[in-house]
Amino acid sequence: MAGKRSTNWSRRDLIKYGAVAGTAGLAGCFDSSGQTTEGGNTEDGTDGGTNTEGGSTIADDTLDYPAGRPATDVQFNRYSLGNYAHTLQDQLFEEVARGYADGTVRPDLLEDMSVDGRTLTLTFPEGFKWWNGDDLTAEDYYVGLEIDRLQSPEESPIESNTLVDDYTIERTFKTAVSPNLMKANVAETFVNTPRSVYREYLTRYEEASSDSERESVTSDLLDMSITTQQLIDEGLGNALYRVTGFNSSETILEKFEDHPYASRTDIPKVRIIPETTSDVESLSVNDQLDMNPDVLMSESQQSRYPDNIENVYRLNWFRTQKFTFNFKNEHIARLPVRRAIVNAVDFESMVAAMRQAGTVGEPAENQTALRSTIHDEYLGSDFVDQLIDYPVGKDLETATQLLEDAGYTKENGTWVDPNGESFTFTVLTQNNNTQVQATKVFNDQLNAFGLQTEISTVSSTDYYQRLQTYEADIFWIWHVAKALWHPTAYFSNNFYGIEVGDPSSGNETGPTGKPFTTTIPSEVGAAEISGSGREIQPAKLMNDLPNSESAEQVRERTRDLVQWFNYALPDFVFVEEDSGYWGDTQDFSMPTGDDYELNTNRPGEFSFKNGWISSNSQ
1 MAGKRSTNWS
11 RRDLIKYGAV
21 AGTAGLAGCF
31 DSSGQTTEGG
41 NTEDGTDGGT
51 NTEGGSTIAD
61 DTLDYPAGRP
71 ATDVQFNRYS
81 LGNYAHTLQD
91 QLFEEVARGY
101 ADGTVRPDLL
111 EDMSVDGRTL
121 TLTFPEGFKW
131 WNGDDLTAED
141 YYVGLEIDRL
151 QSPEESPIES
161 NTLVDDYTIE
171 RTFKTAVSPN
181 LMKANVAETF
191 VNTPRSVYRE
201 YLTRYEEASS
211 DSERESVTSD
221 LLDMSITTQQ
231 LIDEGLGNAL
241 YRVTGFNSSE
251 TILEKFEDHP
261 YASRTDIPKV
271 RIIPETTSDV
281 ESLSVNDQLD
291 MNPDVLMSES
301 QQSRYPDNIE
311 NVYRLNWFRT
321 QKFTFNFKNE
331 HIARLPVRRA
341 IVNAVDFESM
351 VAAMRQAGTV
361 GEPAENQTAL
371 RSTIHDEYLG
381 SDFVDQLIDY
391 PVGKDLETAT
401 QLLEDAGYTK
411 ENGTWVDPNG
421 ESFTFTVLTQ
431 NNNTQVQATK
441 VFNDQLNAFG
451 LQTEISTVSS
461 TDYYQRLQTY
471 EADIFWIWHV
481 AKALWHPTAY
491 FSNNFYGIEV
501 GDPSSGNETG
511 PTGKPFTTTI
521 PSEVGAAEIS
531 GSGREIQPAK
541 LMNDLPNSES
551 AEQVRERTRD
561 LVQWFNYALP
571 DFVFVEEDSG
581 YWGDTQDFSM
591 PTGDDYELNT
601 NRPGEFSFKN
611 GWISSNSQ
């Protein structure tokens, strides 16, 4: 093996939009001073074989890869979304079920998922343990499911969760739901609510008899934190590799020998380097990483990386990226302005800048909100062909005509509103290099067209908390709420999907000014409304979509939402990403997809957690 060197929402919203046990938390910051390790490691949390000041090489029995934020900056109570260890969670907890690129949802940890009427039965395997030696049982997952349901039982789609025995849960929905959506309800979730920690909160929810009492429990639950040190000390993880040390530069893991997959791999140690604070590109170029578990090398990187590094597996990913429009800005609220913005920018230039920063992907060809690879299944080519065709390259003539027809004029090369007043759009973006590069190109092209903008760049640590203030006019965000190749992942009524808001709020619009009730043309693809048009409720449609009774109802609701998205442009998608993983194929044996089915999210991480990556030292 290669030897590598060290380098230096409101509470009610959290209840309403919190997903079932194990859903991803939002980026944030946690001030942790706990940086010790178990059993004789150094005081700062590093393994004794590592020098975080640089210079020495660590032991060559270690797999090094980048992921997430420093373990010092996060915590592991998944209900505290502002600073939850989203990416580290993926490495340290078993995943219940996964979505695949063919649209199916299949067991991961689970032995079986079966549907009978409105009931989804989850069968857990025996033999898995927490790092502290406790058996991992269905109750650990059940506790999280029931907390989620009891936080807001009236609004939950779940009628009941029943712990049948130590290894079986029956999850019954209130209404008939298609079998695939019932399975999707628990996909990409983790067994990360150990009963030893969360049982007391579930008991309090069970005893609560009013909304105010439930809110009191929720308040205490949101204020609770599980530091990385507590995770180590109490053995609160359950994956193949357990955390033994950490500091701001690295997280050290060792193989958990009591894990059922331990005999599959000969790699005893793992070192996770925070990708948010390290120069991952320089580490890669200098042969200091062994793999990147969910990233492909771009063409520009392949010429710079060492010869032993190769793209191991490539995947047409579910993920896209977008810019969201805030209708609370009086200009953005005007449809011609939104359409003019989309016509004034060149998606290819934006994506080209991202490729230079390492993204592998292509410009979005259609404004449907869906990844194009699922168009045929959920829309049909005839439907897509009827939609409004927005340009991938800039069309300044159309953009100009749209603004002029809306009463805007140009003065000294800058657009002013119908009253002759100047205006500037604030564009919010995260400070990761790929997002910054795309936003700069977007910003420069709008300025060149005469629409004045200014970029506000926020660190990845604070980005999602800042985003939820909705103070910007346009903001960058991923456009997928769950790791599924399914419309529910894109139309999710939150900032990862299309934020409209709570239709039961009594307001006419949500937090970004998007209306709860709106009118679209009766004819698919019409650019203007003729006659009375067709009235729809996008937020209600998105809330109803995951509870559709049949595949046909999923298709009907998806088509309505896509027509609304295509006509009204509440957001616009500019890139569809490809994924996979690269690795050191000289020193390691890594699955390519020939022996294992890898057409799922983070295939490199999936391979690692299953023990399918081994050394080539034999």
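Residues 1 to 618 in full-length UniProt numbering are what the sequence shown spells out, letter by letter.
Glycine included, each C-beta is placed from N, C-alpha and C at the ideal position.
| query | result |
| --- | --- |
| M113 in three-state terms, based on DSSP | strand |
| Option in R204, G407 and G117 with minimal Cα separation from K183 | G117 |
| Endpoints, the alpha helix (DSSP H) within which residue 672 is located | Nothing can be reported for residue 672: it is not among the residues displayed for the chain, which extend from 1 to 618. |
| Nearest neighbour of L110, chosen from D64, R149 and E188 [CA to CA] | E188 |
| CB contact flag (D64, Q302, <8 Å) | no |
| Within-8 Å CB hit, S178 to chain D | Absence of chain D from the displayed structure is noted, only one protein chain being present. |
| Alpha helix (DSSP H) runs wholly inside the stretch 427-499, at least 4 long, in chain order | 433-449, 463-467 and 487-490 |
| Where Q367 falls, given that 16 or more other Cβ within 10 Å makes a residue buried | buried |
| Option nearest D560 by Cα separation, candidates G144, A352, S522 and S219 | S522 |
| Sequence-distant residues of its chain with Cβ nearer than 6 Å to Q75 (five each side left out) | F30, N83, S225, I226 and T227 |
| Under 8 Å between C-beta atoms of D587 and N308 | yes |
| A438 burial status per 10 Å Cβ neighbour count (16 or more: buried) | buried |
| CB contact flag (residue 621, T453, <8 Å) | Missing from the structure shown is residue 621; the chain here goes from 1 to 618 and no further. |
| Cβ pair count under 8 Å reaching 3, the stretch 508-526 against the stretch 122-138 | no |
| The stretch 323-338 touching the stretch 468-485, judged by at least three CB pairs closer than 8 Å | yes |
| Where V562 falls: helix, strand or coil (DSSP) | helix |
| G580, buried or exposed, once every other Cβ within 10 Å from all chains shown has been counted against 16 | buried |
| Own chain, CB closer than 7 Å to T426, minus 5 neighbours either side, in chain order | E454, S456, A472 and D473 |
| For K255, the first and last residue of its enclosing beta strand (DSSP E) | T251 to K255 |
| Helix, strand or coil at I332 according to DSSP, with G and I counted as helix | coil |
| Classification of Y596 by the beta-carbon crowding that lies within 10 angstroms, buried from 16 upward | exposed |
| Status (buried if at least 16 other CB within 10 Å, exposed otherwise) for N543 | buried |
| Per-residue burial, residue 623 [other beta carbons within 10 Å of its own, 16 or more giving buried] | No information on residue 623 is available, as it lies outside the stretch 1 to 618 that the chain covers here. |
| Spatially closest choice to A520 from H479, A568 and E499, by CA coordinates | A quick correction: the sequence has Ile, not Ala, at residue 520. Per the Cα distances, A568. |
| One or two residues paired with S615 in a DSSP bridge | F588 |
| S219 versus T62: straight-line alpha-carbon distance, rounded | 41 Å |
| Beta-bridge pairing of Q75 - partner residues as DSSP gives them | Y84 |
| Outcome for K410 when other beta-carbon atoms lying within 10 angstroms are tallied against a minimum of 16 | exposed |
| Residue from L122, P153, Y205 and V186 with nearest C-alpha to D165 | L122 |
| Span separating the alpha-carbon of S33 from that of F190 | For S33, the predicted model reports a pLDDT of 32, less than 50, meaning its position is unreliable and no value from the coordinates is stated. |
| Nearest-angstrom Cα separation, counted from A97 out to H259 | 18 Å |
| G133 - partner residues in DSSP beta bridges | According to DSSP, G133 bridges with nothing at all. |
| Range of the contiguous alpha helix (DSSP H) that encloses A101 | No alpha helix (DSSP H) contains A101, which DSSP labels as neither H nor E. |
| CA-to-CA distance, Q386 to F124, given in whole angstroms | 46 Å |
| Exposure of N112, with buried meaning 16 or more beta-carbon neighbours within 10 Å | Per the sequence shown, the amino acid found at residue 112 is Asp instead of Asn. Exposed, since its Cβ has fewer than 16 Cβ neighbours within 10 Å. |
| Classification of R557 by the beta-carbon crowding that lies within 10 angstroms, buried from 16 upward | buried |
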